[in-house]
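Trainee:
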Amino acid sequence: MTTPDTKVAQVAMSRRNFLGFLSKGVACAGALIGAGGAVGAVVSERGNRAFQQNDEQYAEAVNNPPKVPDYNWNDHKWAIGVDTDRCIGCLRCMEACKMENSVQMDANHYRTWVERYVYLEGANTAVVDSQSDPKNIENTGSETKFRFDNRYKNVKVDKAFFVPKLCNQCEHPSCVQVCPTGATFKSKDGPVLIDTTYCIGCQYCVQACPYGARSFNESRGTVDKCNWCYHRITKGLNPACVEVCPTGTRIFGDRNDPESPVSLFIRNNHVQVLKPEMGNAPNVFYKGTDKEVV
Amino acid sequence: MPKHIARLFALIVVVALIAFSVRTFLIPDSFYQYGHYRGAAVAEIAAKVPKLQGSASCLLCHKKEYEVWTAGIHRKATRNDAVQGVVYKYGPGCEVCHTGPAGNHPSKQAMPLSIEDKVTSITHHEHKVHPANVPGRNLLLNPQDMRGLCLNCHEKLAGRPTEQRQIDVATHSGDELCTKCHNPHSPRIVFANLPPSLRGDAKAGKAVAAACAGCHGETGTSANPAWPNLAGQHANYLVDALKTFKSGVRQNDMMTPMAEGLSEVDMRNVAAYFASTRCVVTGGDKVKAELGKAKAANCAACHSAGGLYGKGSAGISGSSAWPNLAGQNADYLSSTLKAYREGSRTHAVMTSVAKTLSPLDIENLSAYYASVSCK
Amino acid sequence: MEQVFEHVTPYVGYVYPNETDVPWSQLIVIYPYITGLVAGAFVISSLYHVFNIKSFAPVSRFALLTALCFMIFAPTPLLFHLGQPTRAFNAVITPHWTSAMAAFGYVAGFYLCLLLLETWFAFRADIVAMSKVKTGIMKKVYGALTLGSDDVSHHALAIDHKFARILSMIGIPSAMGLHGYVGFVFGSLKTREWWSSDLMPVIFLLSAVASGVGLLIVLYVIVSKFRKTPIIDETMRGLLYVLFAGITIVMVIEALELLEIFYKAREGVDTVKALIAGPIWAGMAIQWIMSVFVLVVTSGLLLFEVHGKRLVNWLFLCGLAIMIGVLAMRWNVVIGGQELSKTMKGLLTFYPEVFGRESLFVVGVISVCPYLTLWLVTKLLPPWADGKEAVV
Chain A
0 MTTPDTKVAQ
10 VAMSRRNFLG
20 FLSKGVACAG
30 ALIGAGGAVG
40 AVVSERGNRA
50 FQQNDEQYAE
60 AVNNPPKVPD
70 YNWNDHKWAI
80 GVDTDRCIGC
90 LRCMEACKME
100 NSVQMDANHY
110 RTWVERYVYL
120 EGANTAVVDS
130 QSDPKNIENT
140 GSETKFRFDN
150 RYKNVKVDKA
160 FFVPKLCNQC
170 EHPSCVQVCP
180 TGATFKSKDG
190 PVLIDTTYCI
200 GCQYCVQACP
210 YGARSFNESR
220 GTVDKCNWCY
230 HRITKGLNPA
240 CVEVCPTGTR
250 IFGDRNDPES
260 PVSLFIRNNH
270 VQVLKPEMGN
280 APNVFYKGTD
290 KEVV
Chain B
0 MPKHIARLFA
10 LIVVVALIAF
20 SVRTFLIPDS
30 FYQYGHYRGA
40 AVAEIAAKVP
50 KLQGSASCLL
60 CHKKEYEVWT
70 AGIHRKATRN
80 DAVQGVVYKY
90 GPGCEVCHTG
100 PAGNHPSKQA
110 MPLSIEDKVT
120 SITHHEHKVH
130 PANVPGRNLL
140 LNPQDMRGLC
150 LNCHEKLAGR
160 PTEQRQIDVA
170 THSGDELCTK
180 CHNPHSPRIV
190 FANLPPSLRG
200 DAKAGKAVAA
210 ACAGCHGETG
220 TSANPAWPNL
230 AGQHANYLVD
240 ALKTFKSGVR
250 QNDMMTPMAE
260 GLSEVDMRNV
270 AAYFASTRCV
280 VTGGDKVKAE
290 LGKAKAANCA
300 ACHSAGGLYG
310 KGSAGISGSS
320 AWPNLAGQNA
330 DYLSSTLKAY
340 REGSRTHAVM
350 TSVAKTLSPL
360 DIENLSAYYA
370 SVSCK
Chain C
0 MEQVFEHVTP
10 YVGYVYPNET
20 DVPWSQLIVI
30 YPYITGLVAG
40 AFVISSLYHV
50 FNIKSFAPVS
60 RFALLTALCF
70 MIFAPTPLLF
80 HLGQPTRAFN
90 AVITPHWTSA
100 MAAFGYVAGF
110 YLCLLLLETW
120 FAFRADIVAM
130 SKVKTGIMKK
140 VYGALTLGSD
150 DVSHHALAID
160 HKFARILSMI
170 GIPSAMGLHG
180 YVGFVFGSLK
190 TREWWSSDLM
200 PVIFLLSAVA
210 SGVGLLIVLY
220 VIVSKFRKTP
230 IIDETMRGLL
240 YVLFAGITIV
250 MVIEALELLE
260 IFYKAREGVD
270 TVKALIAGPI
280 WAGMAIQWIM
290 SVFVLVVTSG
300 LLLFEVHGKR
310 LVNWLFLCGL
320 AIMIGVLAMR
330 WNVVIGGQEL
340 SKTMKGLLTF
350 YPEVFGRESL
360 FVVGVISVCP
370 YLTLWLVTKL
380 LPPWADGKEA
390 VV
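Protein chains in written order, with numbering that gives the first Met the number 0: chain A, 0 to 293; chain B, 0 to 374; chain C, 0 to 391.
#1: Below 8 Å on the Cβ atoms is my guess for residue 254(A) versus residue 241(A); work out the distance and round it to an integer in Å.
#2: Under 8 Å between C-beta atoms, does residue 233(A) make it to chain B?
#3: Helix, strand or coil for residue 25(C) per DSSP?
#4: Counting only beta-carbon separations shorter than 8 Å, does residue 35(C) have a partner in chain A?
#5: Taking the runs of the alpha helix (DSSP H) that are 4 residues or longer, which of them lie wholly in the stretch 19-95 of chain C?
#6: Please confirm whether residue 45(A) has its beta-carbon closer than 8 Å to some beta-carbon of chain B.
#7: Establish whether the CB of residue 250(B) and some CB of chain A are separated by less than 8 Å.
#8: Note the first and the last residue of the continuous beta strand (DSSP E) segment covering residue 198(C).
#9: When burial is assigned at 16 or more other CB atoms within 10 Å of the CB, is residue 324(B) buried or exposed?
#10: Compute the Euclidean distance between the alpha carbons of residue 24(A) and residue 93(C), then round it to the nearest angstrom.
#11: Once the 5 residues before and after residue 351(C) are set aside, which same chain residues still bring their CB inside 6 Å of it?
#12: Taking 8 Å as the CB-CB limit, is residue 153(C) close to chain B?
#13: Check whether the Cβ of residue 138(B) lies closer than 8 Å to any Cβ atom in chain C.
#14: Identify whether residue 105(B) lies in helix, strand or coil by the three-state DSSP scheme.
#15: Do residue 72(B) and residue 185(B) have their CB atoms nearer than 8 Å?
#16: With DSSP as the reference, label residue 254(C) as helix, strand or coil.
#17: Is there at least one Cβ from chain C nearer than 8 Å to residue 197(A)'s Cβ?
#18: Quick one: is residue 26(A) near chain C, going by C-beta distance under 8 Å?
#19: Taking only runs of the beta strand (DSSP E) that begin and end inside the stretch 200-243 of chain A, which ones reach a length of at least 3 residues, in chain order?
#20: According to DSSP, simplified to helix, strand and coil, what is residue 13(C)?
#21: Does DSSP put residue 56(A) in a helix, a strand or coil?
#22: Shortest alpha-carbon distance to residue 229(A) belongs to which of 22(B), 46(B), 347(B)?
#23: Checking the sheet assignment: what are the DSSP bridge partners for residue 36(B)?
#24: Could you say if the stretch 177-184 of chain C and the stretch 150-167 of chain C meet the contact criterion of at least three C-beta pairs nearer than 8 Å?
#25: I'd like to know whether the C-beta of residue 151(A) is nearer than 8 Å to at least one C-beta of chain B.
#26: Please determine, among 123(A), 284(A), 244(A), the residue with the shortest C-alpha to C-alpha distance to residue 273(A).
#27: Got a sec, what are the start and stop residues for the beta strand (DSSP E) residue 279(C) sits in?
#28: Check each candidate in 71(C), 166(C), 78(C) and name the one with the smallest Cα separation from residue 376(C).
#29: Looking at chain B, which residues of the stretch 131-160 of chain C have a Cβ within less than 9 Å of any of its Cβ atoms?
#30: For a contact defined as C-beta to C-beta under 9 Å, what are the partners of residue 118(C) on chain B?
#31: What does residue 277(A) touch in chain C if you count any residue whose Cβ is under 7 Å from its own?
#32: Suppose contacts are defined by Cβ-Cβ distances below 8 Å. Is residue 167(A) in contact with residue 210(A) by that definition?
#33: Residues of chain B with CB under 7 Å from residue 92(C), in chain order?
#34: Assign residue 253(A) to one of three DSSP states: helix, strand, or coil.
#35: Any chance the stretch 257-272 of chain B sits against the stretch 221-240 of chain B, with 3 or more Cβ pairs inside 8 Å?
#36: Along chain C, which residues have their Cβ under 8 Å away from the Cβ of residue 206(A)?
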């Protein structure tokens with residue numbers, strides 16, 4: 000038997016429960032919509048589209064390309080091949096890049112760089128350094144004279160080689176994925192570009208790049224990255240690093256043209272990409288790398 | 000609904016409306032044109048002006064250097080090379096070494112930086128004065144820098160592919176600058192490739208050679224085995240020898256006054272003359288020569304034809320900066336090596352090499368080289 | 000010789016050249032720390048409002064104000080860190096939803112509004128009363144805050160109560176969401192082995208709750224001493240339960256995360272070991288010593304049924320310890336993750352700047368601001384019921 004008192008309490012209770020239920024329901028629905036939207040956004044990015052590009056925008060990109068003189072981004076699909084067997088570690092590429100793109104002249108900002116892998120006699124793993132290694136800098140006595148020192152002169156070396164690095168302009172760039180504003184984006188012809196007038200400098204993309212290709216330009220307050228010299232390739236020139244490479248280590252070309260140097264390079268060699276497990280699908284193809292190359 | 004709740008909702012709605020319209024107003028014009036970015040940014044980035052201009056642009060002003068480079072090995076390497084169908088464009092063009100000038104050229108002060116730095120146009124060929132105070136590098140004027148530049152590619156370094164020509168600095172040149180022997184625009188020392196002005200005129204040289212004939216013979220074969228044969232010797236080496244006599248680096252009672260009387264053109268001409276004459280093998284003791292042959296492996300790196308560049312006949316030096324030894328007088332050779340050993344003659348490489356040789360080694364080596372064919 | 004390596008981070012092994020400039024500095028250490036304190040304080044407030052746990056009644060309004068004041072300053076470290084702070088709103092104007100960071104403006108803004116509304120409902124009766132008592136400029140301020148309505152009838156207050164409850168209920172998932180989301184910003188990065196963990200949001204969330212409770216304990220004890228009011232034993236026991244629950248689960252999950260890294264022993268696990276033994280050993284030591292201290296002391300307090308002055312003293316120490324421990328943990332995660340190179344072949348050692356835009360000095364200033372603001376806000380809206388039961 001219930002007394003009127005408890006009945007009132009029950010009614011009040013149930014109303015309160017209902018209210019609680021309602022608000023929970025609203026909160027959950029909101030969370031679901033939010034999560035669903037985010038998942039949908041992520042899932043729909045695969046394929047050849049850029050992140051968050053809808054059909055209309057894709058059509059616009061095809062029909063009304065950016066107004067670059069004598070250039071249509073629909074006609075090209077740029078790629079770079081790197082034949083590490085030819086690299087002599089002269090660092091001309093890196094210096095040309097720093098000049099061409101006004102990259103900060105110090106030892107911790109690079110758009111491209113070269114790594115040296117050395118297996119000492121009997122070793123199973125390689126000793127790695129780049130031009131910004133403190134010993135290399137002490138050797139030249141300046142942060143802005145880039146050069147590999149000759150530290151392995153008097154030791155026995157089983158195998159050694161150089162590996163040039165640059166932005167991979169991935170098909171699924173994690174940097175573009177994590178940019179909160181849309182200041183960095185993948186252009187239709189391949190390169191991932193930065194809109195330096197829109198970048199807020201949060202450096203989330205620097206964290207997200209698996210290849211360490213991005214750096215933060217303190218003087219501009221924005222992030223800097225290799226864009227395969229987009230201003231050169233849209234004028235029919237090679238990227239600066241490819242232009243100055245004296246040994247032909249870097250091969251640049253258009254994958255839409257089956258006879259372009261890079262298409263031939265990829266077709267005729269066994270090529271690899273770096274860190275394939277990241278799922279970024281890089282567009283720089285390496286020939287002759289090694290298990291130790293990261 | 001109580002008044003305060005109604006007002007609160009009204010306040011929230013007003014704030015939300017303001018926020019929404021401000022947001023709409025602030026979205027840049029071309030945003031969302033092609034995707035989630037400012038569509039106009041693509042053309043802006045593409046509009047940046049390239050700085051590296053390519054070797055062809057250097058030709059407009061630096062014709063002479065360009066010609067030397069075109070004739071030389073650095074140019075040879077820039078030819079497109081197809082391996083397995085892949086066209087390799089390689090070899091150092093101008094801007095490979097001259098990245099500095101490209102960066103602040105032609106104003107010598109500065110080139111504009113990039114679009115990020117608000118400079119949008121540059122007229123390259125008109126030597127305009129561009130904004131100063133931008134970071135750039137100086138022109139390559141310091142010889143020490145020049146040496147570092149060569150070594151960027153040519154220092155013997157673990158990891159460099161063997162196809163790349165590399166030198167061990169200490170044994171190759173010591174403290175000498177690369178430019179002493181090499182023209183950086185055409186570093187392989189091939190006489191025939193040098194422009195005529197640097198080559199010397201053998202005909203004109205014949206007249207000068209008359210003064211030498213007393214000792215070195217009319218065609219460069221010396222009368223006395225203590226004096227060197229000059230016939231068929233590298234002209235570049237002969238010029239260098241005369242220059243060292245003239246400057247006093249090398250001392251010889253006969254040669255110093257002779258060299259002092261020669262102009263640089265005379266030196267080139269007379270060197271060209273003796274280089275063109277037929278060499279003669281003077282020969283040496285056969286037993287000693289056999290023993291010397293075993294010891295000659297050390298010398299072969301420089302004093303065998305091809306030298307760095309390949310295999311060839313013994314005693315014919317790969318670089319025209321180094322003397323041919325084939326068929327040279329045994330007495331002269333041994334006295335030279337002794338001079339290096341004792342220090343009365345010095346050379347970055349030869350001094351240290353000679354110090355590793357015993358007097359017997361010197362006899363044997365001299366006999367060996369004296370009996371090698373000089374053709 | 001030119002100055003070599005002016006601002007480069009020293010390292011051993013091999014790191015990518017660009018990594019020598021550590022992108023996220025100590026400012027990003029205190030950002031999740033401050034948001035964490037918000038989450039913890041808010042949970043205590045909600046435990047009273049939603050679950051009606053009476054023991055938290057004395058501190059519930061104070062907890063709400065604490066959450067609000069810390070939330071106001073949660074985005075400031077980010078603003079100081081941005082290369083272009085004036086463009087900060089670009090992320091709100093054109094949010095790129097695939098980015099874990101894009102929602103930050105909305106989530107934080109939403110949560111801040113929620114806190115403001117809840118505070119308003121919780122304090123409305125007081126505001127109305129104050130608008131009648133005060134004179135001069137303060138009368139105008141309180142008048143504006145009432146939105147021109149002095150309806151404090153029983154009916155109106157009942158409605159307020161309901162709204163506060165609903166907001167509180169939305170607030171719990173939001174607070175969890177906000178902080179779990181901060182963990183997601185780190186945990187979703189596949190590039191950094193030290194961050195890339197599914198447990199990261201949970202760890203962030205639970206340690207946030209623990210540190211927030213610690214903050215409340217510390218503030219409650221200090222404020223009570225200053226106001227010379229008695230510290231209510233029941234409240235302290237309640238806080239003790241929450242703290243114990245929090246620290247236990249946090250420690251278990253953190254231990255699980257470390258165990259997983261070592262047990263899976265993927266490529267580079269040796270570098271991870273070297274990281275713990277090397278650049279962040281001090282941080283790890285502080286984090287674990289403090290955690291163990293808190294766990295042991297809270298267990299003891301529970302086991303021996305400690306009450307009164309001893310409870311206050313020990314719990315105060317626990318509160319301080321957990322705050323320090325969680326700060327160390329944030330350092331270990333944020334800085335540690337960047338000290339472990341993406342190459343997995345090298346370790347950097349980060350040395351913070353002392354003065355400058357991104358420096359310890361700025362961190363200190365930003366850390367003090369919420370406390371000052373809280374002091375000012377308690378002057379404006381006194382949260383203490385002082386004997387009476389709380390209004391809401």
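C-beta atoms are modelled at their ideal positions from N, C-alpha and C, and glycine is treated no differently.
Just so we're clear, the structure is a prediction, and the values are computed from it rather than from any experiment.
Mentor: Taking the coordinates as given:
#1: 15 Å between Cβ atoms; not a contact.
#2: Residue 233(A) counts as touching chain B.
#3: helix
#4: no
#5: 25-48, 56-72, 75-80, 89-92
#6: Only weak support is given to the placement of residue 45(A): the predicted model assigns it a pLDDT of 46, under 50, and the value that follows is read from those uncertain coordinates. For residue 45(A), no CB of chain B lies under 8 Å from its own CB, so it is not counted at the interface with that chain.
#7: no
#8: Run containing residue 198(C): none; DSSP gives neither H nor E here.
#9: buried
#10: Residue confidence is low: residue 24(A) scores 49 on pLDDT, short of 50, so the model does not pin down where it sits. No coordinate-derived value is stated.
#11: 25, 359
#12: For residue 153(C), the answer is no, since every Cβ of chain B falls outside 8 Å of its Cβ.
#13: Model confidence at residue 138(B) stands at a pLDDT of 41, short of 50, so the residue's coordinates are unreliable and nothing is read from them.
#14: At residue 105(B) the pLDDT is 49, less than 50, meaning the model places this residue with poor confidence; the figure from the coordinates comes in the next sentence. Residue 105(B) falls in the coil class under three-state DSSP.
#15: yes
#16: In the three-state reduction of the DSSP assignment, residue 254(C) falls in the helix class, which pools H, G and I.
#17: yes
#18: Residue placement at residue 26(A) cannot be trusted, given a pLDDT of 48 that sits under 50; what the coordinates show is reported in the next sentence. Taking a beta-carbon distance threshold of 8 Å, residue 26(A) counts as an interface residue toward chain C.
#19: Taking 3 residues as the shortest admissible run, the stretch 200-243 of chain A contains the following complete beta strand (DSSP E) segments, listed from N- to C-terminal end: 214-216, 221-223.
#20: Here residue 13(C) sits in strand by DSSP.
#21: Looking at residue 56(A) - three-state DSSP - the assignment turns out to be helix.
#22: 46(B)
#23: In DSSP, residue 36(B) forms no bridge with anything.
#24: no
#25: yes
#26: 284(A)
#27: Where residue 279(C) is concerned, there is no enclosing beta strand (DSSP E), given that its DSSP letter is neither H nor E.
#28: Measuring from the Cα of residue 376(C), the nearest candidate turns out to be 71(C).
#29: 145, 146, 147, 148, 149, 150, 152, 154, 155, 158, 159
#30: Near residue 118(C) there are no residues of chain B at all, since even the closest Cβ is about 13 Å away, more than 9 Å.
#31: Correct list: 189.
#32: yes
#33: 22, 25, 26
#34: strand
#35: yes
#36: 22, 23, 188, 190, 191, 337
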